[in-house]
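Asker: Can you read through this structure? Questions will come right after.
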Amino acid sequence: MTDTTTSTGPTGIPTRTLGSAANGTALEVSALGLGCMGMSAFYGAASGESSATDAESVRTVHRALDLGVTLLDTAEMYGPHTNERLVGRAIADRRDDVVLATKFGIVPATDGGRGYDGSPENVRRSIDGSLQRLGTDHVDLYYQHRMDPQVPVEETVGALAELVAEGKVRHIGLSEASPETIRRAHAVHPVTAVQTEYSLWSRDVEASVLPTLRELGIGLVPYSPLGRGFLTGQITSPDDFAEDDFRRSNPRFQGEAFEANLALVGRVREIAEAKGVTAGQLALAWVLAQGDDVVPIPGTKRVAYLEENVAAARVHLTGEDLAAITDAMPAEAVVGQRYADMSPIEE
Ligand SMILES: NC(=O)c1ccc[n+]([C@@H]2O[C@H](COP(=O)([O-])OP(=O)(O)OC[C@H]3O[C@@H](n4cnc5c(N)ncnc54)[C@H](OP(=O)(O)O)[C@@H]3O)[C@@H](O)[C@H]2O)c1
C-alpha cells in the first residue's frame, strides 16, 4: 500500500493506467473517475431529462472534465437509459476529453424484476442502443454489468471481441465477476478492467479478486468507494433518504446495522479531522492508496461534492495513517451485506 500515482495529467489531477501494455490493454485515465448513476437512479433523484437536478448533473460532468477527470461511468440500466442520455448530452461537445465507460447485461425480467442477458445477440443490441443514447460512435470501456449464469462468459466475450474489431468498443470490462470467470474471459480477449464494490467497508475483493487482477494485468475500478455516501459521515439517519432511495432496502442501512456502522464512521471521521480533511476524502484517499492499478469512481450529482472528491487525489496517507484507518473500521466489524440479494454477485 503506497502512494503510487503514476503521472500528472494536463490539469493537475494524477493519471493512472488500467490494463497493461503487455496485454495491449493500457488505458490511461484520471486517478479518480466520476460515477454518474446517482444523477438518474437509485439515490432518490428520478431523472426528468430537463429538471433542475439534471442541470446540476450536467454542470457536475463539465466541472469534472475541467478538473481533468476523464473517466465517466454510466450503464444501460441506470434509469434505464436516462443516465446514458444525460451523459450523452453533457459530453456532446467534449467527447474527446472523455474515457467513456458503460455497461450492458442487466435486463428487465418477465416478472417485473431483474434478469441477466449475456447472449451475443443482446451484446450487439445493447451496444447500438448505448452508442445512440450517448451520441458517440464508440465506447472506451464496455463492461458486462453482471454475469449471466445461462450464457458461458466465453460467448459473451467473443461477442465483445467482435465489437472491438468493429471499432464500437475500445476496451472490455467485467463487473462483479469471480476470479474463475475473470480468467475465462481474459483467455478469450484481454480484459482491461474489473469493476466491483471496494471501499473501507467493502473489502472482500482483497481476498482473491484483486490478486487475480494483478497477476493478469487487469485494473480495478472500485464502485461505491464512499460506501454509497455513508463513509462521508453526512448520512446520520435512514430518514435522510427519499422514499424511493435504494439505500432504504440495503442491509447496511437498516436499524441496528445502521447504528453500528455509524459508530465506525465516527471513528474514521475523527482521523479525518485530525488530518484536516473530510471523512469522504479520507475514504477516497484510502482506496487510492491501495495501488496505482486502482481507479475509484465516486458518484455525485453536485459540483461541490465533485470538487471535494477530486481534491482527495492530493491527500497523502502514510503507512501509519492507513493502519489507523483500517483499525478504526475493521472489515469484520461492518454489519450487513452489500446487497439484500447477493445472488447475482459472483464470489
Ligand atoms: N457496477 C456496479 O454494479 C455498480 C454499482 C453501484 C455503482 N456503480 C457505479 O459507481 C459509481 C459510484 O458509486 P455510488 O454512486 O453507488 O456510491 P458512492 O460514490 O460511494 O457514493 C455516492 C453517494 O455519496 C454522496 N456523495 C458523493 N460525494 C459526497 C461528498 N463529498 N460529501 C457528501 N456526500 C457525497 C452522493 O450524493 P449526491 O448523489 O447527492 O451527489 C451519493 O449519495 C456510480 O455512480 C456508478 O457509476 C456501479
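Each residue of the sequence shown is one higher than the one before, counting from 38 in the working numbering.
Ideal Cβ placement from N, Cα and C applies to all residues, glycine included.
1) Once DSSP output is grouped into helix, strand and coil, what is the label at residue 308?
2) Using alpha carbons as the reference points, say which of 67, 254, 93 and 347 lies closest to residue 77.
3) Please give me, in chain order, every unbroken run of the alpha helix (DSSP H) with length at least 4 that falls completely inside the stretch 277-331.
4) Just mark residue 303 as buried or exposed, buried being the case when its beta carbon has 16 or more other beta carbons within 10 Å.
5) By how many angstroms is the C-alpha of residue 243 removed from the C-alpha of residue 51?
6) Any heavy atom of ligand 1 inside 7 Å of the beta-carbon of residue 335?
7) Please go through the same chain and pick out, in chain order, the residues whose beta-carbon is closer than 7 Å to the beta-carbon of residue 81, but skip the five residues on each side of it.
8) Helix, strand or coil for residue 69, going by three-state DSSP, please let me know.
9) Which residue from 335, 299, 309 and 330 puts its Cα closest to that of residue 373?
10) Would you please state the rounded distance, in angstroms, between the beta carbons of residue 153 and residue 131? I believe it to be under 8 Å.
11) Within its chain, find whatever has a CB closer than 6 Å to the CB of residue 86; leave out the 5 residues flanking it on each side and keep chain order.
12) Please report the residue range of the beta strand (DSSP E) in which residue 230 lies.
13) In the DSSP assignment, what are the bridge partners of residue 258?
14) Just checking, does the stretch 289-299 make contact with the stretch 325-338 on the three C-beta pairs under 8 Å criterion?
15) Applying the criterion that 16 or more other CB atoms from any shown protein chain within 10 Å of the CB defines a buried residue, is residue 1 buried or exposed?
16) Would you kindly report the start and end of the unbroken beta strand (DSSP E) that includes residue 181?
17) Give me whichever residues DSSP pairs with residue 54 in a beta bridge.
18) Nearest to residue 247 by alpha carbon, out of 306, 217 and 205?
19) On the three-pair Cβ rule with 8 Å, is the stretch 313-322 touching the stretch 51-60?
20) Taking three-plus beta-carbon pairs below 8 Å as touching, is the stretch 340-347 in contact with the stretch 188-198?
21) For residue 288 and residue 294, what's the separation of their Cα atoms in angstroms?
22) Say whether the stretch 99-106 touches the stretch 139-155, bearing in mind that this needs 3 or more beta-carbon pairs closer than 8 Å, one atom from each stretch.
23) Would the stretch 161-181 count as touching the stretch 198-215 if we require 3 or more Cβ pairs under 8 Å?
24) Does the Cβ of residue 383 have 16 or more other Cβ atoms within 10 Å, making it buried, or fewer, making it exposed?
25) Please report the residue range of the beta strand (DSSP E) in which residue 143 lies.
26) Any contact between the stretch 169-180 and the stretch 205-222? By contact I mean 3 or more CB pairs, one from each, below 8 Å.
27) Can you tell me the Cβ-Cβ gap for residue 111 and residue 124, rounded? I've got them flagged as a contact below 8 Å.
28) Going by beta carbon distance, what residues of the same chain come within less than 6 Å of residue 233, once the five residues before and after it are set aside?
29) With residue 153 as the anchor, note down where its beta strand (DSSP E) starts and where it stops.
30) Might you give, ordered along the chain, the residues of its own chain that have their beta carbon closer than 7 Å to the beta carbon of residue 65, omitting 5 neighbours on each side?
31) Determine the extent of the alpha helix (DSSP H) in which residue 163 is found, giving its start and end residues.
32) Once DSSP output is grouped into helix, strand and coil, what is the label at residue 207?
33) Rounded to whole angstroms, how far is the Cβ of residue 254 from the Cβ of residue 230, which I believe are closer than 8 Å?
34) If you check the beta carbons only, do residue 105 and residue 49 fall under 8 Å apart?
Answerer: If we stick to the structure as given:
1) Stepping through the sequence shown from its first residue, residue 308 is reached at position 271. DSSP places residue 308 in helix when its eight states are reduced to three.
2) Here residue 77 corresponds to residue number 40 of the sequence shown, with the count starting at 1. Closest by alpha carbon: 93.
3) 292-312 and 316-325
4) Counting from 1 along the sequence shown, the entry for residue 303 is found at position 266. So residue 303 counts as exposed.
5) In the sequence shown, the residue the question calls residue 51 occupies position 14. In the sequence shown, the residue the question calls residue 243 occupies position 206. Distance between the alpha carbons of residue 51 and residue 243: 24 Å.
6) Translated into positions along the sequence shown, residue 335 becomes position 298. Checking the Cβ of residue 335 against ligand 1 gives yes.
7) What you label residue 81 is simply residue 44 of the sequence shown in a count that begins at 1. Within the same chain, residue 81 has close Cβ partners 278, 279, 281 and 282.
8) Working through the sequence shown from its first residue, we reach residue 69 at position 32. In this structure, residue 69 counts as coil in the three-state DSSP scheme.
9) Your numbering for residue 373 matches position 336 in the sequence shown. Among 335, 299, 309 and 330, the Cα nearest to that of residue 373 is on 299.
10) If you number the sequence shown from 1, residue 153 lands on position 116. If you number the sequence shown from 1, residue 131 lands on position 94. With a Cβ gap of about 33 Å, residue 153 and residue 131 do not count as contacting.
11) Counting from 1 along the sequence shown, the entry for residue 86 is found at position 49. Bear in mind that a pLDDT of 48 at residue 86, under 50, signals an unreliable position, so the model cannot answer this.
12) As a working note, residue 230 is residue 193 in the sequence shown. 230-234 is the extent of the beta strand (DSSP E) around residue 230.
13) Your numbering for residue 258 matches position 221 in the sequence shown. DSSP output for residue 258 lists 232 as bridge partner(s).
14) no
15) Any question about residue 1 goes unanswered here, given that the chain covers just 38 to 384.
16) Against the sequence shown, residue 181 aligns to sequence position 144. 176-181 is the span of the beta strand (DSSP E), which, as asked, contains residue 181.
17) Looking up residue 54 in the sequence shown gives position 17. Per DSSP, 65.
18) Taking the sequence shown and counting its residues from 1, one reaches residue 247 at position 210. Considering only alpha carbons, the answer is 217.
19) no
20) no
21) Position 251 of the sequence shown, counted from the first residue, corresponds to residue 288. Position 257 of the sequence shown, counted from the first residue, corresponds to residue 294. Approximately 7 Å between the Cα atoms of the pair.
22) no
23) yes
24) Residue mapping note: residue 383 aligns to position 346 of the sequence shown, counting from 1. Flag for residue 383 reads buried.
25) Indexing the sequence shown from 1 puts residue 143 at position 106. Its beta strand (DSSP E) spans residues 143-145.
26) yes
27) Within the sequence shown, the letter at position 74 stands for residue 111. Within the sequence shown, the letter at position 87 stands for residue 124. Contact flag correct, Cβ pair sits at about 5 Å.
28) As a first step, residue 233 must be located in the sequence shown, where it is residue number 196. Taken in chain order, the residues that qualify are 213 and 242.
29) Within the sequence shown, residue 153 is the residue found at index 116, counting from 1. Run containing residue 153: 151-153, per the beta strand (DSSP E) assignment.
30) By 1-based counting over the sequence shown, the position of residue 65 is 28. 52 and 54.
31) Along the sequence shown, one-based indexing puts residue 163 at 126. Start and end: 157-171.
32) Residue numbering aside, residue 207 sits at position 170 when the sequence shown is read from its first letter. Reduced to three states, the DSSP call for residue 207 is strand.
33) Counting from 1 along the sequence shown, the entry for residue 254 is found at position 217. Counting from 1 along the sequence shown, the entry for residue 230 is found at position 193. Not quite, the Cβ-Cβ distance comes to about 11 Å (not below 8 Å), so this is no contact.
34) In the sequence shown, the residue the question calls residue 105 occupies position 68. In the sequence shown, the residue the question calls residue 49 occupies position 12. In contact: residue 105 and residue 49 (Cβ atoms closer than 8 Å).
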